[in-house]
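Each protein sequence line maps, in turn, to chains U, D and F. Counting along the first sequence from 1, when you hit position 16 you're at 16 in this note's numbering, and nothing is skipped either side. If you want this note's numbering, it's the 1-based position in the second sequence plus 148. If you want this note's numbering, it's the 1-based position in the third sequence plus 1086. Glycine is no exception: its CB is placed at the ideal position from the N, C-alpha and C atoms.
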Amino acid sequence: MIAIHVGQLARKLGVHRNTVTNWINSGKLKATATVGKKYLIDKNVFRIFCREYGISENILQELIGNETVPSKGDLPFTQNLNFNSKEVTMSAKPIGSVLVVGGGIAGMQATLDLANSGYFVHLVEKSSGIGGAMAQLDKTFPTNDCAM
Amino acid sequence: MSEVVDVSGEVGNFVVKVKKNPRYIDMEKCIACGLCAQKCPRKVDDEFNLGLNQRTSAYIKYGQSVPLKYAIDGETCIYLKRGKCKACEKFCPTSAINFEDQEEIVDLNVGAVILSPGFKPFDPSGFDFYGYGKIPDVVTSLEYERLLSSGGPCMGHLVRPSDHREPKSIAWIQCVGSRNTNRCENGYCSSVCCMYAIKEALVTAEHIAGEGLKQSIFYMDIRSHGKDFDRFYESAKAKGVRFVKARPHTIEAGQDNCGVTMRYAQEDGQVMIEHFDMAVLSIGLEPTTDVKQLADIFKLDLNQYRFAKTSDFSPACSNRPGVYVAGAFQTPKAIPRAVTEASTAAVEATTALIRSRGELTQQKIYPSERSIANEEVRIGVFICSCGINISGIINVDEVARYARSLPHVVHVENNLFSCSADTQEMMAKKIVEHSLNRIIIAACTPRTHEALFQETLQETGLNPYLVEMANIRNQNAWVHQREPEMATAKAKDQVRMAIAKAALSVPIERTKVNVIPKALVIGGGVAGMQTALSLADQNFETVLLEKSDRLGGNAWKVNTTDQGEAIRPYLESLIKRVETHSNIQVLKNASVTSAKGSVGNFSGTVQVNGGQREIAYGVAVLAIGGRESRPEEYLFGQDPRVITHLDLDAMLRDDPASLKKAQSIVFIQCVGSRDERRPYCSRICCTHSVKAVIHLKGLNPKMNVYVLYRDIRTYGEREDLYRKARDLGVLFISYGPERKPAVSLDGKDLTVKTYDPILRMPISIAVDHVVLAAAMEANDSHELTELYKCAANADGFLNEAHPKLRPVDMSVDGLFVAGLCNYPKPLNETIAQAKAAAARAAVILSQTEMTLDAIKSFVTDKCDGCALCLDVCPYRAIKLENYQAANGQGHFRIATDKALCKGCGLCSATCPKGGVYVHGFTMDQLRAQVVAALEDVA
Amino acid sequence: MAEKFEPVILGFLCNWCAYAGGDLAGVGRLQYPANMRAVRVMCSGMVHPDLVLEAFNRGADGVIMMG
């Protein structure tokens, strides 16, 4: 989290303070008002914002002072878990979201694991509710728990 | 209500076109009151109950649906088809009906895709000999599930369809649409039907009162190859379920079209005619009908049965990078495997996208909390009408008037919908305006809505635990619809009880623990290595402990996977990657010697080559493996020609020539499994045997190969191997535990004697080799279970937290299990479970700190250290400590571990002195509720 | 007695099973008499014997533990 005044941020970015206010009001830059006319901005949100508008990420480093940003993706990407397949390398940064097709027990579990470890998930289900076939079962052995 | 129509791009950057079908009901506005369904005049078959009853066009899939929002079925709705009706629109209290709703195509930009479209239950209508669809009392197993279910068409009172009478004798017919290449193309075993049939038979006994219930299961092989499944099978036999080894060939309707008459041939060839009140067809699982379409869209390879093609070494990876598969889409499987492999697919996706973790997710920020320590109690009561759900029965104005008269209450109001977004805003304003510091919401159930109101409180700077709900909808208005006066009186009592409790509420802090982003993996076999590698690939530092001096474990001793892929090259490359990975530290000749702490924050010592070393880690994965047992029968160890499976694999590797010369080989199954000492199935031996006999027949087609078995358990698509072995002329002869085969030495000649149940006579086979399917055993986990306070089952296999829903988590948070130490399993399932363990572990490791639920026990000054509570705590969260009291006197006192405590309060109920309570449920609060509930009683 | 006897019953409902079941009864519109007052607890094992005695002491005709 970065806590900063609009004016401070404007000076760092070399824009007018009204511009920053406009960004915040229009939702371009997600920030939450907090005490002392300061705004709270999530580091990751700010990083994405910087990238989108071509602002040097160094500013982020300056803003958070001595706090270090955990480096991400230092390792070169390889799809190295897929033993038999060809290695796939990607130059561009991948998109941090996953589509899950099917909202049965497997789809739901995959969705939860992904969402809980920091990925945005789109879950697509054909019917009007999730649950799949397991929801139709009365009970499950060996405990004979209700399948719900 | 959406489906994928197109996909482009590649791993890291896919664009997926998704068609959103119209729901005709605004999800934001729908409050699931059900009026639309009540008023809808159009009745159609309810597909959730498989057409056993009817629903309306405006419907909800089932009572506990998520999202709990109604939908209008555009195919059958009278207005949408004929332009007239709109009954639902007239009655909807929130104007949620929107007939203008249109189909919509949206583009989703995603880095990876997981496909889990599920399966289709086999439709037996094509089998005329079973009479399904013609004879009313022939149902499918899934229909039977609905008949049993309390949410189903009979509300849980089982009756047969023909005359709505309780059935007294029921027959299950196994393998309908599975293991069948004559009448359908499904040569595979569906893996789940044996167990669900046994379950249905046992659950039926709970439904049908009185004597005389007869359940019969007609089977080919009972496949109870999962953890504790054989115990379940044995208990069913003990409880009187009859198992008949036969495949019935005809079912005819009984007298007056009620019940069924069935003809089948017994094992000895005798034809039997038997009457049952009902027959249940245990239908198999098939790929969904649109699977081909899905495969075309994603350019996926399917196998001959139209399941997704995967390698045994990467069971969740499809042929297309970035597209992963889970569930029954890959192969028929039971729930635990589906859940496990969903996590496997998740870890494959996260590994592919690791550089973008956390980029698109956000954390919510709340204002800092207001202290209420010195404030008087100021209660605000919000009474919800829930449209007319509540106010239609309960006189909410009267309840509000009553609430105003109660002590501490400074503000009361009625809301049409307390949960709506605008009411939340209004509520926040009122909290500030009236300086409220306790909030009562009289509405629906806290189980679904408490979190919402807690959030509203947090947004105003109040501690979220200062809200209390009175459940006047689910547990009042809805269940007392015919007694409005009694219901109103009850609502008053409920509000009074909530106020009494809330007046004593204090802010509770949610404890946070820092997470050490490091994992400890115990065991350097394939399971341990895969887990370590998956975690390391996600940038988590991992320490891998191996007790011996060599990585690889059992995988060195096995030649091929079940699909016939060579294991050696995979293993060698895996070891190399593990040993060279910068995030993995491999410690050989190492073991854990001490451990303390809890999820996110473990520490302890490990012994490496005799020296001690301190380590700290956030999670631990137990993958200590298992081994092939040494048989104690059939002359094993006395004659070198009697060998085990792994010995045979070694011979096939090193000395195939000597095997090629053999003229006769007998395999004996279940050696040391499914007996008194090891009452479980070792799962892998049947497949291993049929794989081996195929190999041997390949070396020498003239060789006579016999397999003596109890049930052949080549589940899933392994069934193909069994069929191939039979086609190659391998003789399969069954035996029962009461008539086991015997191996004898006659001079130099080795002979196997057994009883052939089809010929009905003993036979004797002269053999060159006897191959024993020796049972799999877990490695000794005693020390680890002591250290981590986790548990193994009676057979020594480490236990998961829940056999179905949490198959890789252990009951101690932060511990995970993978591989043979959990239960015997083939390599592909081990790899899947190892990766799943990594996925589950990564969920914890990817947070910097973990917020724990605040409902935890806490110690009061009254504790005198009598330690009565220590033994009752099911989570071992209480320990005894030396304590220095304020007056300088020292005595024992308990301390609770917040990370381990689950807030069950067994301690508080045990304590005779009020020395330990649970936050939010203190003795005072509960007593206040009891007192308030009984206030009006003379 | 002019009025029909209406017992007052106090129920302790486990949050994870009985209370959830009570909610489901509502969703299914199963009707039952309105004589019970429910106290939600995190586990039926949390209910101290004193609470049960207290309830009878204060005039409850019955106490039901559901968990």
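{"Check": "6 Å Cβ shell around D:M426 - same chain, five flanking residues per side excluded", "Outcome": "D285, R308, P315 and I318"}
{"Check": "F:A1146 burial status per 10 Å Cβ neighbour count (16 or more: buried)", "Outcome": "buried"}
{"Check": "Buried or exposed (CB count within 10 angstroms, at least 16 for buried), D:P480", "Outcome": "buried"}
{"Check": "Local conformation of D:Y828 per DSSP, three classes", "Outcome": "coil"}
{"Check": "Given D:G506 as reference, the closest of U:V101, U:L9, U:V121 and U:L99 once Cα atoms are compared", "Outcome": "U:V121"}
{"Check": "Whole-Å CB distance - D:E496 paired with D:F270, under 8 Å assumed", "Outcome": "So it is not a contact: roughly 30 Å between Cβ atoms."}
{"Check": "Distance between D:L450 and D:A443 (C-alpha atoms, nearest Å)", "Outcome": "7 Å"}
{"Check": "Test: U:K72 CB closer than 8 Å to a CB of chain D", "Outcome": "Annotation note: pLDDT 38 at U:K72 (below 50); position unreliable, coordinate value reported separately. So yes, U:K72 belongs to the interface."}
{"Check": "Chain-ordered neighbours of F:A1104 on chain D, where CB pairs are closer than 9 Å", "Outcome": "Within chain D, no residue comes near F:A1104; the closest Cβ sits about 11 Å away, beyond 9 Å."}
{"Check": "Chain D within 8 Å of U:V6, Cβ atoms only", "Outcome": "no"}
{"Check": "Residues in the segment 1128-1139 of chain F having any Cβ partner in chain D nearer than 8 Å", "Outcome": "M1128, C1129, G1131, M1132, V1133, H1134, P1135, D1136 and L1137"}
{"Check": "Assigned exposure category for D:A413 - 16 Cβ within 10 Å defines buried", "Outcome": "exposed"}
{"Check": "Touching by the beta-carbon criterion (3+ pairs, under 8 Å), the segment 95-114 of chain U and the segment 485-501 of chain D", "Outcome": "yes"}
{"Check": "Reduced DSSP secondary structure (H/G/I, E/B, other) of D:D961", "Outcome": "coil"}
{"Check": "Burial state of D:K983, where buried means 16 or more other Cβ atoms lie within 10 Å", "Outcome": "buried"}
{"Check": "Cut-off 7 Å between Cβ atoms - residues of its own chain near D:Q572, not counting five sequence neighbours on either side", "Outcome": "T604"}
{"Check": "Complete beta strand (DSSP E) runs within the segment 855-898 of chain D (minimum length 3 residues, chain order)", "Outcome": "879-882 and 890-894"}
{"Check": "Residue burial classification, D:Q760 (beta-carbon count within 10 angstroms, cutoff 16)", "Outcome": "exposed"}
{"Check": "Near-chain F residues of the segment 611-638 of chain D (beta-carbon distance less than 7 Å), N- to C-terminal order", "Outcome": "R621, N622, Q623, W626, V627, H628, Q629, R630, E631, M634, A635 and K638"}
{"Check": "Through-space distance from U:M134 to D:N619, alpha-carbon basis", "Outcome": "29 Å"}
{"Check": "Distance CB(D:P301)-CB(D:T288) smaller than 8 Å", "Outcome": "no"}
{"Check": "Stretch pair the segment 1015-1026 of chain D + the segment 523-538 of chain D: three plus CB contacts closer than 8 Å", "Outcome": "no"}
{"Check": "Nonlocal neighbours in the same chain, by C-beta distance under 7 Å from D:L683, ignoring five residues either side", "Outcome": "A667, T690, A986, A989 and A990"}
{"Check": "Through-space distance from D:P463 to D:E977, alpha-carbon basis", "Outcome": "8 Å"}
{"Check": "Distance CB(D:T204)-CB(D:C178) smaller than 8 Å", "Outcome": "no"}
{"Check": "Cβ-based neighbour list, D:N161, same chain, cut-off 6 Å, excluding 5 preceding and 5 following", "Outcome": "none"}
{"Check": "Cα-Cα separation, D:A476 to D:D787", "Outcome": "45 Å"}
{"Check": "First and last residue of the uninterrupted beta strand (DSSP E) at D:D193", "Outcome": "K191 to D193"}
{"Check": "Against chain F: residues of the segment 1045-1060 of chain D by CB proximity under 7 Å", "Outcome": "G1051, C1052, G1053, L1054, S1056 and A1057"}
{"Check": "beta-carbon D:R371 near the ligand NAP non-hydrogen atom, thresh 7 Å", "Outcome": "This structure simply doesn't include the ligand NAP, nor any ligand for that matter."}
{"Check": "Residue nearest to D:V1087 in terms of C-alpha spacing, selected from D:D570, D:A576, D:S583 and D:I589", "Outcome": "Nothing about residue 1087 of chain D can be reported from this structure: the residues present for chain D run from 149 to 1086 only."}
{"Check": "Alpha-carbon to alpha-carbon, D:D378 and D:I723", "Outcome": "35 Å"}
{"Check": "Neighbour list for D:R1075 in chain F, Cβ cutoff strictly below 7 Å", "Outcome": "L1137 and E1140"}
{"Check": "Contacts of D:L1081 in chain F (Cβ-Cβ under 9 Å)", "Outcome": "One detail in the question is off: residue 1081 of chain D reads as Ala in this sequence, not Leu. Within 9 Å Cβ-Cβ: V1094, L1096, R1123, A1124, V1125, A1141, R1144 and A1146."}
{"Check": "Continuous beta strand (DSSP E) stretch holding D:I126: start and end", "Outcome": "Outside the displayed span of chain D (149 to 1086) sits residue 126 of chain D, for which this structure offers no information."}
{"Check": "Beta-ladder partner(s) of D:T708, from DSSP", "Outcome": "D:A714"}
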